[in-house]
Amino acid sequence: MISPLPLPPPPPKTALIHAQSLTKTFTLHNQGNRQLNVLHHMSLTVNPGDCVALQGPSGSGKSTLMKSLYANYRVDGGTINIRHDGRWVNLAECESHELIDIRQRTIGYVSQFLRVIPRVPALQVAAEPLMELGIKKDEAEKKVRSLFTRLNLPERLWSLSPTTFSGGEKQRVNIARAFAVDRPILLLDEPTAALDQKNREAVIQLIEEKKATGCGLVGIFHDKDVKSRVCNQTLTFE
Amino acid sequence: MQPILTVENLTKTYGNIQACDRISLSLYPGQILGIIGESGSGKTTLLNAIAHRLPIDQGQILYHKQVNEQDSNTIDLSDLPEPDRRRLMRTEWGFVQQNPRDGLRMNVTAGANIGERLMDIGQRHYGNIRTEASRWLTQVEIPSDRIDNLPSTFSGGMQQRLQLARVLVTQPKLVLMDEPTGGLDVSVQARLLDLLRSLVRTFQLSVILVTHDIGVVRLLAHRLMVMQHGQVVEQGLTDQVLDDPHHPYTQQLVSATLIP
């Protein structure tokens, strides 16, 4: 008689992200099929109001885990359960059109780079995710204006394309774009790397507000001061 | 959500050459699907086959015509009588040719090229048609005082933009594009990318976009298919395929791009 396989334990009721046993290997075909094992059975649980810092040296897999949580990288093994629309979905098994929906409404991502269509004004770039959710242009732009003001982005830049902006200016457009939408999960890839002290404070304040609303955050922070102030958990990579 | 287009096991051969080998895809409303691959990989054949501009050997092309919010009618393109297929191509579908001279009527004016499509969908008021044509010329950054000129007096880039205006004026549901930004200067290209993005968002337009330009795909396409020798070797969300390419050919393609 064959006994049924034991079912994996159900994800905790309140969590937002419940990732288990993630593995990821890159195969570099142009380097003689060299294999790079980056993630070995990584697990992570994020609850509402958490801010989890991923820490470790360069090349240890922090970004790979973060990108896997956004389904930008496709993991080879393990499950990434995300609470979407009040139910659990496993990102590792979602179809493309489901991922598009999950990214629009549930998972936000602040990347280090801003990739935009040239000639589109910064205000419109940051308002776009809101408008994709069906929010009216006026309302979306109002929200973005208030974020730009809080992030000290000079008003003369709002109607210009971010392609000519400085690193710090681009980063603030990127932050406004992600923070404008009220998604329950937010991933931050070095959000304060290019910012001065004053703007770092503004970003810390925004992160604290997100936490207070029950948003779960995962971030890579090279700035020790920012990390110690906003994060309540750390996951260390070796 | 229901797809607007389903392609199942589409196969097309030219003698011994497999131009499209059992290709399946589904396209959802409001999505842009990019198709990249080297010359001769079967991209254009696939696009022409979907539009039934070529007879196919095997497979099915199903168009799910939206009737109202919930319901849709499924149309099998192989069963569709030729006049109906042509009407569909002029109204709910659009096809943007790589060479604008193939997509335009070269011996009628720019305004007539746009207006003709409006008359196809039943508009008869000359004043309204002319106003709409002029508005679309402005949208694609052709001065509206060129409305009475023949396309043959336009530059290649202007002809391409005119072709886009001609296709988009009837607000189609599905547009198939073969290298639409090929001959355009970068500034107009950026304007058109922005225009397409807003049309997709506002009217839930769906697009299949064949291109060589990975930069264009990165900014415009939600999903991406990579073709080689008539087969789909990799597919997924655009950022998945470009940031984490699995197939040797995709890795080679991404690493050879100037700004991926």
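So the sequence lines, in the order shown, correspond to chains A and B. Residue numbering for the first sequence follows this note's numbering, beginning at 1 and increasing consecutively. Residue numbering for the second sequence follows this note's numbering, beginning at 1001 and increasing consecutively. Note that CB positions come from ideal geometry on N, CA and C, so glycine has one too.
Answer with buried or exposed for A:Q35, where buried requires no fewer than 16 other C-beta atoms within 10 angstroms of its C-beta.
Burial call: exposed.
Measure the beta-carbon distance from B:M1001 to A:H84 and round it to whole angstroms, keeping in mind my assumption that it falls under 8 Å.
That belief does not hold up - the Cβ atoms of B:M1001 and A:H84 are roughly 14 Å apart, past 8 Å.
Mind checking B:V1067: buried by the 16 CB within 10 Å criterion, or exposed?
exposed
Measuring only the C-alpha atoms, how far is B:G1042 from A:G216?
45 Å
Can you say whether A:N33 is buried or exposed, counting buried as having 16 or more other CB atoms within 10 angstroms of its CB?
exposed
In chain order, what are the residue ranges of uninterrupted beta strand (DSSP E) at least 3 long that sit wholly in the segment 1029–1076 of chain B?
1032–1037, 1058–1066, 1072–1076
Proximal chain A residues relative to B:H1222, where beta-carbon distance stays under 9 Å:
For B:H1222, the chain A residues whose Cβ falls inside 9 Å of its Cβ are S96, H97, I100, in order along the chain.
So B:M1001 contacts chain A; which residues on that side make the cut at Cβ distance below 7 Å?
H97
Does DSSP put B:Y1014 in a helix, a strand or coil?
strand
Note the first and the last residue of the continuous beta strand (DSSP E) segment covering A:N90.
87–90
Exposure label - A:R19; buried when at least 16 CB within 10 Å:
In the sequence as presented, Arg is not what sits at residue 19 of chain A; that position holds Ala. When all chains shown are included, A:A19 counts as buried.
Interface residues of chain B facing A:P162 [CB-CB closer than 7 Å]:
The premise fails here: A:P162 is roughly 13 Å from chain B at the closest Cβ pair, so nothing lies under 7 Å.
Separation of B:L1054 from B:G1015, as counted between CA atoms:
14 Å
Could I get the ranges of all uninterrupted alpha helix (DSSP H) runs contained in the segment 62–132 of chain A, with 4 residues as the minimum, in chain order?
Here the runs fully enclosed are 62–69, 96–105, 122–132.
By alpha-carbon positions, which one of A:L44, A:A127, A:S60 ends up nearest to A:S21?
A:L44
Cross-strand partners of B:N1128 (DSSP beta bridge):
Looking at the DSSP assignment, B:N1128 forms no beta bridge with any residue, so it has no partner.
Inter-residue Cα distance where the pair is B:G1183 and B:Q1097
Rounded to the nearest whole angstrom, the CA to CA distance from B:G1183 to B:Q1097 is 12 Å.
Using a beta-carbon distance below 7 Å, is A:P154 in contact with chain B?
no
State the DSSP-derived secondary structure class of A:A193, mapped to helix, strand or coil.
Note: A:A193 maps to coil in three-state DSSP.
I need the DSSP call for B:V1140, collapsed to helix, strand or coil.
B:V1140 falls in the coil class under three-state DSSP.
Which chain B residues sit within Cβ distance under 7 Å of A:M131?
R1201
Helix, strand or coil, according to DSSP, for A:N244 in the structure here?
Past the boundaries of the shown model lies residue 244 of chain A; chain A is included only from 1 to 238, so the question cannot be answered.
Which residues, taken in chain order from the segment 67–81 of chain A, show a beta carbon closer than 8 Å to some beta carbon of chain B?
When CB distances to chain B are screened at a threshold of 8 Å, the residues of the segment 67–81 of chain A falling below it are K67, A71, N72, Y73, R74, in chain order.
For a contact meaning CB atoms closer than 7 Å, what does A:P118 contact in chain B?
A1190
Along the chain, where does the alpha helix (DSSP H) that runs through B:E1116 open and close?
1110–1120
Can you find a C-beta in chain A that's less than 7 Å from the C-beta of B:Y1028?
yes
Can you tell me where the beta strand (DSSP E) holding B:E1092 begins and where it ends?
Taken as a continuous stretch (DSSP letters only), B:E1092 belongs to no beta strand (DSSP E), as it is neither H nor E.
Taking its Cβ as the centre, do 16 or more other Cβ atoms sit within 10 Å of B:P1143, making it buried, or is it exposed?
Label assigned to B:P1143: exposed.
A:G219 (DSSP reduced to helix, strand or coil)
strand
Could you tell me which chain B residues have their CB closer than 9 Å to the CB of A:R87, listed as they occur along the chain?
Under the 9 Å cutoff, chain B gives no residues; its nearest Cβ is about 16 Å from A:R87.
Are any of the Cβ atoms in chain A nearer than 7 Å to that of B:D1239?
yes
Just checking: is the beta-carbon of A:H243 within a distance shorter than 7 Å of some beta-carbon in chain B?
Given a span of 1 to 238 for chain A in the structure shown, any question on residue 243 of chain A remains unanswerable.
I'd like to know whether the C-beta of B:L1242 is nearer than 7 Å to at least one C-beta of chain A.
no
The alpha helix (DSSP H) that contains B:I1214, what's its start and end?
It spans 1214–1220 - the alpha helix (DSSP H) in which B:I1214 sits, taken as one unbroken run.
Please list the residues of the segment 1225–1239 of chain B that have a C-beta atom closer than 7 Å to any C-beta atom in chain A, keeping them in chain order.
G1236, L1237, D1239
Would you mind telling me which residues of chain C sit closer than 7 Å to B:L1193, beta carbon to beta carbon, in chain order?
Absence of chain C from the displayed structure is noted, the protein chains being A and B.
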